[in-house]
Structures are given as structure tokens and as C-alpha cells.
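Heads up: the protein sequence lines correspond to chains C and B, in order. So that you can map any letter, position 191 of the first sequence is 191 in our numbering, and since no number is skipped, the others follow by simple counting. Remember, our numbering sits 1000 above the position in the second sequence when you count from 1.
Number of protein chains: 2
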Amino acid sequence: MNRTSRIAPLSPSGTSWMATHVNFMGNQRPRVMDSHDIRALLRQQAAAARRARQAGFDIVYVYAGMGYLPYEFLLPEWNRRADAYGGSVANRVRIVRELLEVTHEAVQGKCAVALRISLEELRARPGETAPSEAHEVVGLLKDLPDLWDVKLDSSPTDCPPSRFAPEGSHEPVIDFVKQLTHKPVVGVGRFTSPDTMVSQVRRGVLDLIGAARPSIADPFLPEKIAAGREADIRECIGCNICISSWHDSVPVRCTQNPTIGEEWRRGWHPERIAPAASAASVLIVGGGPAGLECALSLGRRGYQVSLAEAADDIGGRLRFETRLPGLSAWGRVLDWRRGQLEHLSNVAIYRGNRLSADEVVELGNTHVVIATGARWAKLLYSPLEIPAGSLAAPGVLTPDDLAAGAPVTDPVVVYDFDNYYLGGVLAEHLARGGHSLHYVTPAGHASAWTIMSNEQPQVHRALFSAGVALHTLSRVTAYGDGVVTLANQFTNAETQLECRSLVIVGARFANDALHTELAARSAELDAAGIRSVTRIGDALAPGAIVHAVYSGHRYAQELDADPATLTFRRDAPLARPA
Amino acid sequence: MNRTSRIAPLSPSGTSWMATHVNFMGNQRPRVMDSHDIRALLRQQAAAARRARQAGFDIVYVYAGMGYLPYEFLLPEWNRRADAYGGSVANRVRIVRELLEVTHEAVQGKCAVALRISLEELRARPGETAPSEAHEVVGLLKDLPDLWDVKLDSSPTDCPPSRFAPEGSHEPVIDFVKQLTHKPVVGVGRFTSPDTMVSQVRRGVLDLIGAARPSIADPFLPEKIAAGREADIRECIGCNICISSWHDSVPVRCTQNPTIGEEWRRGWHPERIAPAASAASVLIVGGGPAGLECALSLGRRGYQVSLAEAADDIGGRLRFETRLPGLSAWGRVLDWRRGQLEHLSNVAIYRGNRLSADEVVELGNTHVVIATGARWAKLLYSPLEIPAGSLAAPGVLTPDDLAAGAPVTDPVVVYDFDNYYLGGVLAEHLARGGHSLHYVTPAGHASAWTIMSNEQPQVHRALFSAGVALHTLSRVTAYGDGVVTLANQFTNAETQLECRSLVIVGARFANDALHTELAARSAELDAAGIRSVTRIGDALAPGAIVHAVYSGHRYAQELDADPATLTFRRDAPLARPA
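And the structure:
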């Protein structure tokens, strides 16, 4: 009688928060589930649970979180049913109860049955018999799950960046659950500090600590806590690059842990690295994220490493960026490496040392690594739109100028076609500092790429609360005499804004002058015994901090390696059994 | 001396037109290629060409189109080199010449070497020695490629939807190529009519016709032309759903040809279908895209089919939508099926027949298919934001009301959270009809999903040229007394617009009343010999036309099929040779 395709309770449109950007489902809509659909769902859950049991799993989940089908039954904005599954809280929770029951029945006590549930929206809704509907839902299900796995509702709040939420940020939403059930409760919330974890357990908020992002940053987190090696924990910085990898369907990456996702592909281990395969010495020029990771990993291998940093301290771009709103936790990239390097007597760091090509040749190390970073360019979205010279006008600034303390004059226009975090952060920073701010971007959103890192809604709110005026779908096409001209990205219709300081956050170019100079002196390099000069990080190809750390680590992994081992392994699934 | 990762000529930012939305590369930037990189590129091209030759290919391409690396050398906005590969046209084309030369050398006359090149931007740039730089580039390479494959530069112009470009739209850009080379020239441009193809060949524009989208719509296009069966050609409608599949990394779909991508997975053939496996008769209620495709494919199988359409003619939503700006070619979905159905004496179509449940039971067909479509809802983005009743106010309209001829009063607000084509098309239609128009959407762009179908830039231009005022990142939260209230999608900051007609293009609900009524009368159905009642198309789950056609076709393919054959096959790669 019935054919099913994608089914869902009555939901008027693409329901995910991403639907505001692009309806990823090619416009096909859900329909109201009828009683056949509901029975089919319960049958399918039971069959899946039986397969999981047969496959040897210990825990089988019912998932009522983050927009998944059972979650949509819980909230009246999506669930507008008039039958036994809609209306009252008892009705809206019915499908979750039935899913738990059929799962219990299917696994016959051989597996624990866990419930993962989002409670943020329900907690915000006053209940009839309890402080909130979240209390009512948990009270109705009580001890039915063997494990309560409690969380928030949408990616930007459930899995927020450190820029907009502290660790343990779920507590105000989920703190009541243990009071209503005898079963253990697990939760997440980017726990990075053992103190916070212990505190939540001691105070009866959670029984078990869930930590996905912190375990990506440091898979040995529990062992280091157990061994009292807190200082060695490579703490998650909450940048959400890991999540962006997931949104982008690419292998996971982590700013702190360059080995993640490469354990099998490249044979990299988060704690162990092969010993040096030669007595080579390595000179690293530049102590930003790439140079530091490279020095640390080469040092661990046992190479003699000298790191020369032109500035008066190491850190590179981190030294400025971690002073910007919400980015202080990113300083862990520097702090952890600085701490670890202190234990390595074979790595020498020379601050305030800007090396010339002559000096590099004189030092005569076996290998030279150029980690001199990149600079932001005074170029527009299309570099032909303004003759190169005219952007040299006073008042045109880059993030590098702001880092160096250049003054800005109101009104300020931040023109962002980088589309990652920095343009939005700088606009927020300057506006909070009292400046009159316009943020201009050719994209449809502020910091458009941060949709990938769960930040974009909060970026918009932060800019709004700081009083920044937003101009999307706009390119800057001319600047002079205190006026910036904007052209609509599609129609080229022009508008103008008063502007005394134009901050361009767009193109970046590698600082590769030293590399270029050395590359032209190969005979001298040979004579000095220098066998290679290699760019890493932004000096190779400007990127995010995650790319710089990865690049530095990869150099260290691959030095003196057999070239045949330098390709990565790929999945080659076995033939299907006949 | 050198390590390469992603490399490119000097290019200041994400260069693709999609970069205005999201920088898909996670913010890692290209760098300037040095001479080592260029030599490596040539080596890699030669090695790839040798492998292609060994693998038995007949043609090996050099690809200098659409943002690919050699293309970026051709244009001074990306190529700002000061060496032998930048500056003059002869220098900018050098890398393409060298790639062709190493490819020729590598294949040693065993394969033809083709050049695919984008000429739109070059043609717009006056040359020093010829009418345009495109003439200069082609003149410099002349007979070096064995085949010229010429095209436009960016997806929205190279591969435009029928809404914004006629077939053969490349001609004004590529018409000169044959005058400068003795080698054959192939080109594309959504050729759907044999007359256009013949005309271009006869007039010396092209030697060979390239047709990707038309071959997706009808893989037997060349054979049908050769056999003089023009009326049987399932012509591409230019909706670009195929391209959206590619952008979305999902199996290809086609509004006209539901079998595409299912040849192996489900064993569907674009021209052949299994004969009827029973003497069943089928009643189809509704003659829109789903019902028509279902009737046609069931008819081809040999079933006795009755199709009852409530309106005075078949076509469903197509009857209104094909009258809107740019959508007339979509009428081919109806026209082709209408023409094919005329040859099937076992399919009877009853127009002006709105069947009741009683009548369906009385008719007593073996199977009943409900293809009654969907309706647009008077609901906002979050259905809790306005009590359901208040949108019943006069002046609130849906696309269905406009299709029925409801009058609109200025100023008009089109509120689009559907995000596919219809909201934008209706706004354009009403504005061109002289109405004062505001287009409001929670997304960052107008018709946000059309980024997937290569339409979005042109949608923005069309709305602008029609005088539509654009309000992005905005939800409608209240309406009354001639005023609509907008809230910023992220900050909820409110603004107001004068509005006498509010057209909501958002949620859709299935017209499933007939199905619900029949489903409740199973005893009567049994007594009448009705073995199944099945929803298809929008009546099952509202979607785009492509989904409706697919749904109707799938029903026809699967009627009376062995249930064991109804899953689709998946790739299971062989084990890698040891």
C-alpha cells in the first residue's frame, strides 16, 4: 500500500541551519509520516540493532539529536502532528520511547542501549509539570536508556568554536539530567582541561566525559591525565578545523595534531616519530607555527636543529592574532610547542635573528628550511580592477599593518575577500575599540567560509553587537579622497562609502625572497655542504595555521626518508564475497 | 631543492566564481610557480600522456579551460609573471604550447593530441596583431593541436541554463577558430536541435558537435538523428539539474531522462523497458510530470493505463511555470511525453476528471497511482513565528494563487525560503509586469540553491535589471496592515517594508487527501480488486520536476518486479593486484 522515500514528520522546509545557505537536498521536501512509515521506522531500527549486536557492538544508540528524525518529533515547530505522536510532551516523546523499546528487545540484553538527545530547545521551553520540557522528556524516559548521552541542538552551539564558547559550555543545558535518572550520563563540550572534567564529575553534572575534539588534538589525553603528565597534553584550541573537514568531506585535519587522519595513510603516530636517519643538522628560518612544529618534530627525531626567528620572540602570526577577540585559546599552538621544545637540548632557538642569504650559507647546515611566512597584499578581488599603484595610497592597510600598530582613522572599511576568520575578527576588534566600521565582502555572508567551522551565525551576531555595518555581495573597485566605491558582485551597480582607512583582508603572498636568493646560489650551497633548501608553511603556500603546522610536521617526518615511502596509502576495498 | 604542494601562477585568491560563496579550499592559497614547478608540470603531463597511451586511449587532452592551471597562464589578471611565461600573449601562451609539445612527444603519434581552451575572456580583449587576444592565441598555436576543443570560461556562461542562454550560445565567441587552423574544431553549447547542429557545421563554425547535456537527456540522440526520428528525441530542457548533481557529488540526475545514472545501478535503459509481467490495469490520478512519465513507461511495458487529470489539460505545474521568464524550454517535459503517448493505444487520458475516492473504488483498476502533486503553503520559515491563522490575511499569496490568476497589489514582497528557481522567477515576472517588487530571503543570495545549477549570477542580474529590490539574510516575521516585518536571520534586528501583496515561496505540502481517504478504506479496495494505492512525485514528497519524473518512472519500472531486484547495485572494487 505504501512506498517510502525520505520521510520525516511535518516539517515545512529544509530544517537544518545550513538550509539558510543552500538547500543541500536539491529541493526535495519531507512529507508527514503516516502510521505505516512509523511502523517501518521501528522495524528498521530493530533490524539495525540486531545486526549491530551480531557484529559485536557493545552499545547501540537511539539518536534523537541535532535534526535527526526522532529529534524532529520532540519539537512542536517541526512536529505538528494531530495523532498520538504530536501535541503534548508525552506524545512528542513517544517515538523515542518506542525506538528505545524495540532496540532493547532486539539486543536482548546483549548490548547497552544508549540515547543521544539534544536538550537545548526543550530546556528553553517551560514545562507544564517541571521547570522545562527538557525535564519532562528526561523524566518520562527516566531509566529506559542504559546510558544518557546529552547534548545541544545545532552544530554552532553543540560544537562551538572557542571563539564564541568556553569549554564545558553545555553544562547550563544538561546539568539537571543526573537528578532525574539512575542511569549514567555522558556529555561533551570541548573539554580540554582535566580540572573542568573532574569538576563536572565531582559536582554530579556528568558521570562520563565525552571529548571528541580534544581527542583529535591529543589521542593520548586520558593516558596523559592518568600519568599526571598534564603539561604534555596537546590541548584542543577550538578552531573547528576538524569540523570543517567533516563538512567538506575531506580527511580530518587538526591545527594542533598534524598526525590525525595520517596514522594509516602515512604511518604517522601522534606521540612517536622515527629517529634521525643521519647526522644532518637543520637550520630553520622562521619561528611561526610551521617552523616551530618542524623544529619540535625534527628535535624529537634527534636532529641538530637551529631555529632563527627575526622577531624578538617566536610565534609568527599567532603573536598578533591571539590578541584579537575570542582567539586567545589559539595561543596553545605556540605555548605547547614552546613548552615541549624546552626539553630538547638539541634544538637551539635564536630570537631577534633575521638571517641574510650570506649568513645562511656561512652557517652551512646540512639542510635549510625556509619558514618565513606570508604577507597580506594590497590587492583587490580582481587585481586588474585597480592599477597596482593606486592602492599604495595612504589609508590602505593590511592585517600586517595593524599587527605592526599602524593607526586607523574613522570611518574604517574592512574589505574581506579572504572569507575565513580574520576579516570578521578585525572588524569586530576595531569596532569594539570604538571605531566606526563597515565590513564589505563579495560573499553573501560575513566570514563566509566559517560556515564550515560552525562560526558563521555567531560571527554575524558579534559584528552586529559591535555595531559593524554589513555590506555583502560587494566588491571594492576604487578608493581615494576618503571615498571607497563598492560594486555589486553580480550587477556591478555602484555605491560609495566614506572611508579614511581601508583594511584589505584578501590575498596573501609568501615571504620567499630568502628562498629565491638561495635558490640562485646553488654552487655556493654545494660548496658550503648545504644539501637542500626547502620552503614550508606560508612561505611555501599561504594557508591557515593548520596547513602551516602540517607542512612543518611533514618536512620533519620525511627528512632522510626513502622516497618510495613518501606516497600515502589509499583504501582498496576487498572484493565482495561471492 | 624544492617541494611542491598545490601550485598555480600568481593568483591572489580563490579564483573560481564559487569562491564568492565559500572558499572551498579551506583557505590555502596558491603560490607563484618557479622554473622547477614548470618543469615538473611538463614532466607530469608527459608521464600522464604515456600512461594514457599505454592504457589504449585514442585522444590525449591538454586542458587550458575554465580555471585549470594552463588557463590561468593565459589571462593577465591571474598571470602577473615577469618571466618568459608572462606579459605578452606569446609569453602567456607558452605553457600551453609546451604542454602540447611534450604531449605529442610522449604519445609518439599513437594518439591525437587535443587542446581544450576557453576563449571568452581572451575574445573580449583587443589584440595587438589581430581582432582579439583569442585570435592571437589560436593563431600562435594554429595546427599544433590535432583537435581544437573550444569553449567559454566559467560554468555559468560555458554551461548556462536555458533560462538565460539559447542553444549554440558559444558561437559568437568561437566562430573564428576554423579560419585560423586546418585542424578540426569541436565545440559545445547545449545543442538540442539537429537544425542548429547542421547549421553550425554547414556555416563552417564547427566540424564536430559536442553535446554533453543533450546526450544525458537522450543518449540515443545521434542514432535518432541518423534514423530521421527527430520527433522521438528527448530534448534537453537546459535546467542544469545534471550539473547540480556534479556540484553536489551525487549520482547524475536528468529531468528529461530518469534512467541516467541508473543504467548499471538499477539496470534501467533509456530506450528499452521490460514488458508487463501481469495483465494488471493501472489508474493514475494526476497528469503532471510524475503521472505522465508513469503513464508513458507503464504504457510502453504494455499495461492498460488510465490517466485522470482534474484540470482541463495535462501538464500539472508545468502549465503555469513554463509561461514564466526563461522557462519555456521546460515545456519539453510535457511536449515530448504528450507526443510519445499519442502512439500508445493502451493509455487513455481523461482530462477534466477530478476523481473522488468513491469513483476510484468504482473503477476498480488493479493498481492505483496517486500523482496529485503538491501545494505551496502559507507558512513562514519557522512555522511557530506566526500563529497559523494570521497568514490567512488577504494579500498573502502563494505561487498556486498566482497560477490561478490571483491579482497582486503594489508594493509586492516575494518571500523566498524555497531557495530554488521559483521565487526568483516570480519576482522577475511580476517586476517585468510593472509591479513594484521586493525580494526577501533568509539566504545570502537570491535563489541560493541555483549556485548548483549555474544560474545564480544571472538570477541576480535578472532581478537587478527588472528593478527588484533585494533583501538577503532576512526572514519575514510578521505581516499586517500593509506592512511586512523582516528580521535579520542571525541577529533578529527588525526592519519594515510597505507591502500590499506578500507572496510566500517556501514550504510545500503533498496533495494527499485522496490517498489518505483511500488508505482508510482497505476493505473496499480489496473488494474492488484494487491491490495497491501508491503515491508518486510531489504527492509522495514535494520536490523538483526531476524528482517527480524519476518517481513516476521508478513506479513503472518496479511494478510486478521481483522484490529481490529492487535494491540498487553498488560499486565493490576488486582487490588491488598484489
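The beta carbon of each residue, even a glycine, is placed where N, CA and C say it ideally should be.
Proximity below 7 Å, CB of residue i to CB of residue j
i, j, result
"residue 973/B", "residue 1550/B", "Residue 973/B lies beyond the residue range present for chain B, which begins at 1001 and ends at 1578; the question has no answer from this structure."
"residue 234/C", "residue 256/C", "yes"
"residue 92/C", "residue 74/C", "yes"
"residue 1337/B", "residue 1298/B", "no"
"residue 1191/B", "residue 1458/B", "no"
"residue 373/C", "residue 539/C", "yes"
"residue 1378/B", "residue 1363/B", "no"
"residue 586/C", "residue 287/C", "The question about residue 586/C has no answer, for chain C in this structure spans 1 to 578."
"residue 448/C", "residue 439/C", "no"
"residue 1369/B", "residue 1524/B", "no"
"residue 371/C", "residue 536/C", "yes"
"residue 1204/B", "residue 1189/B", "no"
"residue 1497/B", "residue 1357/B", "no"
"residue 489/C", "residue 470/C", "no"
"residue 416/C", "residue 423/C", "yes"
"residue 485/C", "residue 493/C", "no"
"residue 276/C", "residue 300/C", "no"
"residue 1414/B", "residue 1503/B", "yes"
Chain-ordered neighbours of residue i on chain C, where CB pairs are closer than 8 Å
i, result
"residue 1310/B", "By Cβ distance, chain C contributes nothing, its closest Cβ being about 21 Å from residue 1310/B, past 8 Å."
Close-in-space but distant-in-sequence residues of the same chain around residue i (CB under 8 Å, 5 per side omitted)
i, result
"residue 1027/B", "In this prediction, residue 1027/B has a pLDDT of 47, which is less than 50 and means its spatial position is unreliable; what the coordinates show is noted afterwards. Around residue 1027/B: no qualifying Cβ."
"residue 1224/B", "1218, 1230, 1232 and 1233"
"residue 97/C", "140, 141 and 144"
Contacts around residue i, its chain only, beta-carbon distance under 7 Å, and the 5 residues preceding and following it disregarded
i, result
"residue 339/C", "231"
"residue 558/C", "566"
"residue 206/C", "185, 186, 187 and 200"
"residue 1388/B", "Residue confidence is low: residue 1388/B scores 48 on pLDDT, short of 50, so the model does not pin down where it sits. No coordinate-derived value is stated."
"residue 1278/B", "1560"
"residue 1170/B", "1151, 1152, 1187, 1188 and 1189"
"residue 21/C", "Confidence at residue 21/C is low in this model, with a pLDDT of 33, below 50, so its placement is unreliable and the value that follows should be read with caution. So the list reads 451, once near-sequence residues are dropped."
Own chain residues within Cβ distance below 6 Å of residue i, not counting five before or after
i, result
"residue 1349/B", "1307"
"residue 432/C", "466"
"residue 1564/B", "none"
"residue 149/C", "114, 116 and 186"
"residue 534/C", "369"
Chain B contact residues for residue i, given Cβ-Cβ distances below 7 Å
i, result
"residue 457/C", "1490"
"residue 331/C", "Within 7 Å Cβ-Cβ: nothing; residue 331/C doesn't reach chain B, min ~20 Å."
"residue 461/C", "1490 and 1491"
"residue 472/C", "1444 and 1472"
Presumed contact (8 Å Cβ cut-off) between residue i and residue j, rounded CB distance
i, j, result
"residue 118/C", "residue 152/C", "6 Å"
"residue 64/C", "residue 103/C", "Contact flag wrong, Cβ pair sits at about 12 Å."
"residue 1112/B", "residue 1038/B", "With a Cβ gap of about 25 Å, residue 1112/B and residue 1038/B do not count as contacting."
"residue 1305/B", "residue 1380/B", "Their Cβ separation, rounded to whole angstroms, is 40 Å, which puts residue 1305/B and residue 1380/B out of contact at 8 Å."
"residue 1237/B", "residue 1329/B", "5 Å"
"residue 1334/B", "residue 1352/B", "Actually they do not touch by this definition, with Cβ atoms about 17 Å apart."
"residue 1541/B", "residue 160/C", "Contact doesn't hold; Cβ gap of about 33 Å is too wide."
Any non-hydrogen atom of the ligand MG within 6 Å of residue i CB
i, result
"residue 428/C", "For the ligand MG, the structure offers nothing, since it holds no ligand at all."
Within chain C, the residues that residue i reaches when beta carbons sit closer than 7 Å
i, result
"residue 1510/B", "31"
Interface partners of residue i on chain B, CB under 8 Å
i, result
"residue 464/C", "1488, 1490, 1491 and 1493"
Quick check for students: name the residue ranges of the alpha helix (DSSP H) that lie wholly in the stretch 1472-1555 of chain B, counting only runs of 4 or more. 1513-1519 and 1522-1527
Go through the stretch 1048-1076 of chain B residue by residue and report every complete run of the alpha helix (DSSP H) that reaches 4 residues or more, in order. 1069-1074
Runs of 3 residues minimum, wholly inside the stretch 1288-1360 of chain B: which ones carry the beta strand (DSSP E) assignment? 1304-1308 and 1347-1350
Quick check on the DSSP output: what are the complete alpha helix (DSSP H) runs of length 4 or more inside the stretch 1207-1231 of chain B, in order along the chain? 1212-1217 and 1221-1226
Please list the segments of the beta strand (DSSP E) lying wholly inside the stretch 402-466 of chain C, counting only runs of 3 or more residues, in order along the chain. 412-416 and 437-440
Which runs of the beta strand (DSSP E) fall wholly inside the stretch 1180-1211 of chain B and span at least 3 residues, in chain order? 1185-1187
For the stretch 237-279 of chain C, list the beta strand (DSSP E) runs that are entirely contained and at least 3 residues long, ordered along the chain. none
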